[in-house]
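**Q** Just so you know, we're using the working numbering here: the sequence shown kicks off at 50 and counts up by one. We put the beta carbon where it would ideally sit given N, CA and C, even for glycine.
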Amino acid sequence: MSNRICELFNIKYPIIQGGMIWCSGWELAAAVSNAGGLGLIGSGSMNPEVLKLHIHKCKQATAKPFGVNIPLLFSHAEEFIQIVIDEKVAVVFTSAGSPSKYTSLLHSHGIKVAHVIANTKFAKKCEEAGVDAIVAEGYEAGGHNGIEESTTMTIIPMIRETVRTPLIAAGGIASGSAMAAAFALGAEGVQLGTAFAASCESSAHDNFKKYILNAQDGDTFVVMKKLVPVRLLKNKFFAEIVQAELNGATKEELIAILGRGRACKGMFEGDLEEGELEVGQIAGIIKEIKPAARIVMEMVDEFNACIQRLNQQKFS
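1. When we look at the beta-carbon of I196 and count the other beta-carbons within 10 Å, is it buried (16 or more) or exposed?
2. Run through the segment 113 to 167 for me and flag every whole alpha helix (DSSP H) of 4 or more residues, listed as ranges in chain order.
3. Less than 7 Å between C-beta atoms, sequence neighbours within five positions excluded: which residues of the same chain meet that for V162?
4. Considering Cα atoms alone, identify which of K258, Q330, K274 and N296 is closest to F317.
5. Just how far apart, CA to CA, sit N353 and S248?
6. Can you give the Cα-Cα distance for I335 and I261, rounded to whole angstroms?
7. Could you give the C-beta distance for P206 and L241, rounded to a whole number, given that I count them as a contact under 8 Å?
8. Determine contact between the segment 61 to 80 and the segment 107 to 119, defined as no fewer than three beta-carbon pairs at a distance below 8 Å.
9. Bridge partners for E177 per DSSP, in chain order?
10. Report the three-state DSSP secondary structure of H193 (helix, strand or coil).
11. Going by other Cβ atoms of all chains shown within 10 Å of its Cβ, with 16 needed for buried, is A264 buried or exposed?
12. The beta strand (DSSP E) that contains R280, what's its start and end?
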């Protein structure tokens, strides 16, 4: 399998592991890269020294390309940009900010840049900024989400008609069949979050991983649209947020409920009641904690089988 995404990142398969906070450490990133995909270190939950440590460990664990995801909304984003430059990281995925802010700087140091967006307006801004690839994330995705509520099935073809930049689909993808569907709509790669969050190498707590396995359809919901939209699994904390929103809570009141460290408490420390459990709708089909390499290879095999099956169903 070879296409523009494979050639851009020098990888075997156009499968990207999302840079999820508290789940995407060096071990997961290296495992995905070693399996032929592109692993990403999720810097959103790290401080500068921790990020450096994870980059160093990832370099020791794989000779394959890997990247770092940097959410630009954080105050230390500029420091993280300098770290990836100094450490000569091959790829950076930016999100939650303007694609034009650091793309030229990263390009000047030979770093490939992808940016995560959720609508055609920002897809155009990505192309204007000269990013190497665009990640179009549908509303099914876990964690921080777009406000437009556009699903992956609708956003991919709209963005494909709007820009010529290599396109990666994200949100609701955890199988080779979903990957084939995304390709049929115009994507050239896929990014997986929830499936890898529940993998063996994920740095998430085992309690959180097992909670994902028990999820059913309808067990996630986007909340805190007044603050920062985020898709969560239902638990006590989720219920508190929903009730506060039903009562007309202000931004300030939601911030007070959110407090500090809720995501760490839930996903990294395993507090399934008081913690924030960021996960996508696709959690309902994940029923086993698997090694990252197995996730990659099962996706590739299912993708190929799906394409073969579809080729046999031609109409005239």
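**A** Reading off the structure:
1. exposed
2. 126 to 135 and 152 to 157
3. V141, T143, T152, L155, H156, V180 and D181
4. K258
5. 22 Å
6. 7 Å
7. Wrong, their Cβ atoms sit about 20 Å apart, outside the cutoff.
8. yes
9. Its beta-bridge partners do not exist; DSSP assigns none.
10. strand
11. buried
12. V279 to L282
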